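Novice:
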Amino acid sequence: MRDIINLGVMAMKKLKTGIPGMDEILNGGIPERNIVLIAGGPGTGKSIFSQQFIYSGLEMNEGGVYVALEEHPVQIRKNMESFNWKVEKFESAGMFAIIDAFTGGIGSSAEREKYIVKDPDDIREMIDVLKRAIKETSAKRVVIDSVTTLYLTKPTIARKVVFQLKKVIAGLGCTALFVSQVSVADRGFGGPGVEHGVDGIIRLDLDEIEGELKRSLIVWKMRGTSHSMKRHPFKITDHGIIVEI
Ligand SMILES: Nc1ncnc2c1ncn2[C@@H]1O[C@H](COP(=O)(O)OP(=O)(O)OP(=O)(O)O)[C@@H](O)[C@H]1O
Ligand SMILES: [Mg+2]
16 MRDIINLGVM AMKKLKTGIP GMDEILNGGI PERNIVLIAG GPGTGKSIFS QQFIYSGLEM
76 NEGGVYVALE EHPVQIRKNM ESFNWKVEKF ESAGMFAIID AFTGGIGSSA EREKYIVKDP
136 DDIREMIDVL KRAIKETSAK RVVIDSVTTL YLTKPTIARK VVFQLKKVIA GLGCTALFVS
196 QVSVADRGFG GPGVEHGVDG IIRLDLDEIE GELKRSLIVW KMRGTSHSMK RHPFKITDHG
256 IIVEI
């Protein structure tokens with residue numbers, strides 16, 4: 016009985032995002048196995064945020080998997096290198112994998128990419144490739160960029176897709192960021208099925224204030240921890256995202 020009680024109060028393990036300011040806002044980081052929606056409009060920094068999260072993990076010897084549904088894997092590698100996040104050595108070492116769910120395995124991708132999802136609408140294929148990539152890289156961190164792409168034409172299956180992915184990812188001991196695209200005017204996070212299904216929501220915003228675009232973010236929910244309830248301004252620099260505490 017005592018053991019069970021002790022287990023109950025055992026401090027929950029958190030994963031540091033490695034994004035300056037963010038771990039303070041989250042009181043230490045993202046609770047392990049949480050599935051967190053990174054929601055925001057176009058150009059708000061969702062992909063950069065997610066890539067920084069993956070790279071921080073790699074630097075701490077935690078494997079990572081990035082599911083590319085919106086951009087070419089080559090472009091993702093280039094983008095990460097532009098922030099000096101040197102991922103190719105981690106890919107060669109088998110610690111980092113990009114799943115190409117963008118090209119459909121057409122053209123040079125077929126020879127270059129190790130992980131290809133031919134039909135992103137086929138959730139079974141997606142899950143099979145994802146499981147293989149997580150196991151082979153011993154991944155602790157997963158990014159799906161974007162999860163919106165998986166149910167864009169079929170909003171009724173959004174909840175089911177999110178739950179299926181969540182079950183597999185958390186089941187394998189990983190913590191994940193699901194990028195959620197919302198339109199500029201939309202103050203939501205990606206629809207009720209998704210918003211309630213995930214464990215956390217971080218919303219990124221761009222607002223025009225006196226003729227200038229200002230970036231900010233807010234943690235809307237994060238199961239398993241207390242967190243800042245404030246809106247925090249942030250910057251994107253040549254070294255990635257820096258959040259003001
Ligand atoms: N080196 C840099 N320094 C400052 N800002 C940058 C730098 N590189 C990119 N940005 C900013 O980041 C934005 C792109 O961020 P990101 O690709 O993460 O957006 P996103 O939220 O994923 O958008 P989308 O939904 O369109 O994919 C650019 O529009 C630009 O404003
Ligand atoms: Mg993006």
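The sequence shown maps to residues 16 to 260 in our numbering.
Think of the CB as a built atom: it goes at the ideal place given N, C-alpha and C, for glycine as much as any other residue.
For clarity, every value in this text was computed on a predicted model and none was experimentally measured.
What does DSSP give as the partner residues of V157 in its beta bridges?
Specialist: As a working mapping, residue 157 is identified with position 142 in the sequence shown. Its beta-bridge partners are V80 and A191.
Novice: Tell me whether P207 sits in a helix, a strand or coil according to DSSP, three-state version.
Specialist: Sequence index remark: in the sequence shown, residue 207 carries index 192 (1-based). P207: helix per DSSP, three-state reduction.
Novice: Which of helix, strand or coil does DSSP assign to G120?
Specialist: Here residue 120 refers to the residue found at position 105 of the sequence shown. Correct three-state label for G120: coil.
Novice: Is D160 near ligand 2, in the sense that its beta carbon is under 7 Å from a heavy atom of that ligand?
Specialist: Within the sequence shown, residue 160 is the residue found at index 145, counting from 1. Because some heavy atom of ligand 2 lies under 7 Å away, the Cβ of D160 counts as near it: yes.
Novice: For I256, collect the residues of the same chain with a Cβ closer than 8 Å to its Cβ; drop the 5 residues on either side in sequence, then sort them by chain order.
Specialist: Residue mapping note: residue 256 aligns to position 241 of the sequence shown, counting from 1. Closer than 8 Å at Cβ, skipping near neighbours: I34, P35, M37, G60, I63, F64, Q67, F249 and K250.
Novice: Around ligand 1, which residues pass a check of Cβ closer than 6 Å to any of its heavy atoms?
Specialist: Qualifying residues come out as G55, P57, G58, T59, G60, K61, S62, I63, E85, Q196, I251, T252 and D253.
Novice: What does V234 pair with, by DSSP beta-bridge criteria?
Specialist: The count along the sequence shown starts at 1 and reaches residue 234 at position 219. BP columns for V234 point to I217.
Novice: Is the CB-CB distance between L219 and V258 below 8 Å?
Specialist: For the purposes of this step, residue 219 is taken as residue 204 along the sequence shown, with counting starting at 1. For the purposes of this step, residue 258 is taken as residue 243 along the sequence shown, with counting starting at 1. Not closer than 8 Å, so no.
Novice: Got a sec: is the Cβ-Cβ distance from G186 to anything in chain B below 8 Å?
Specialist: Any reference to chain B falls outside this structure, which holds one protein chain only.
Novice: Let's test the definition: count the other Cβ atoms within 10 Å of the Cβ of I224 and tell me whether it reaches 16, buried, or not, exposed.
Specialist: In the sequence shown, counting from the first residue as 1, residue 224 sits at position 209. Answer is exposed; the Cβ neighbour count stays below 16.
Novice: Is the beta carbon of V157 closer than 8 Å to that of I184?
Specialist: As a working note, residue 184 is residue 169 in the sequence shown. As a working note, residue 157 is residue 142 in the sequence shown. In this structure, V157 lies closer than 8 Å to I184 by Cβ.
Novice: Give the range of the beta strand (DSSP E) segment to which T152 is assigned.
Specialist: In the sequence shown, residue 152 corresponds to position 137, counting from 1. Element bounds for T152: not the beta strand (DSSP E) but the alpha helix (DSSP H), I138 to T152.
Novice: Please report the distance separating the alpha-carbon of I138 from that of G226.
Specialist: Here residue 138 refers to the residue found at position 123 when the sequence shown is read from its first residue. Here residue 226 refers to the residue found at position 211 when the sequence shown is read from its first residue. Cα to Cα, the separation comes out at about 43 Å.
Novice: Label D134 either buried or exposed according to how many other C-beta atoms from any shown protein chain fall within 10 Å of its C-beta, with 16 as the threshold for buried.
Specialist: As a first step, residue 134 is located in the sequence shown; it is residue number 119 there, counting from the start. It counts as exposed.
Novice: Decide if K148 is buried, meaning its Cβ has at least 16 other Cβ atoms within 10 Å, or exposed.
Specialist: Along the sequence shown, read from residue 1 onward, the residue named residue 148 stands at position 133. According to the sequence as given, residue 148 is Ala; it is not Lys. Buried.
Novice: If we call anything under 8 Å between Cβ atoms a contact, is R238 one with G205?
Specialist: Within the sequence shown, numbered from 1, the residue matching residue 238 stands at position 223. Within the sequence shown, numbered from 1, the residue matching residue 205 stands at position 190. Cβ atoms of R238 and G205: not closer than 8 Å.
Novice: Just grab the DSSP bridge partners of V89 for me.
Specialist: Residue numbering aside, residue 89 sits at position 74 when the sequence shown is read from its first letter. In DSSP, V89 forms no bridge with anything.
Novice: Please confirm whether M110 and T152 have their CB atoms less than 8 Å apart.
Specialist: Along the sequence shown, read from residue 1 onward, the residue named residue 110 stands at position 95. Along the sequence shown, read from residue 1 onward, the residue named residue 152 stands at position 137. Against a cut-off of 8 Å, the Cβ pair of T152 and M110 comes out as a contact.
Novice: Assign T59 to one of three DSSP states: helix, strand, or coil.
Specialist: For this step, residue 59 is matched to residue 44 along the sequence shown. Coil, per DSSP.
Novice: Is P135 helix, strand or coil by DSSP?
Specialist: Taking the sequence shown and counting its residues from 1, the one referred to as residue 135 is at position 120. Reduced to three states, the DSSP call for P135 is coil.
Novice: Check whether the region 73-81 touches the region 112-121, counting contact only when three or more Cβ pairs, one atom from each stretch, lie closer than 8 Å.
Specialist: Counting Cβ pairs under 8 Å, three or more are found: they touch.
Novice: Take N99 as the anchor and find which of S71, T163, F117 and N76 has the nearest alpha-carbon.
Specialist: Counting from 1 along the sequence shown, the entry for residue 99 is found at position 84. Checked all of S71, T163, F117 and N76; the closest Cα to N99 is S71.
Novice: Measuring alpha carbon to alpha carbon, tell me which of A125, S243 and V162 ends up nearest V176.
Specialist: For the purposes of this step, residue 176 is taken as residue 161 along the sequence shown, with counting starting at 1. Selected option, being the one with the closest Cα: V162.
Novice: Are F193 and L30 closer than 8 Å when you measure CB to CB?
Specialist: Here residue 193 refers to the residue found at position 178 when the sequence shown is read from its first residue. Here residue 30 refers to the residue found at position 15 when the sequence shown is read from its first residue. In this structure, L30 does not lie closer than 8 Å to F193 by Cβ.
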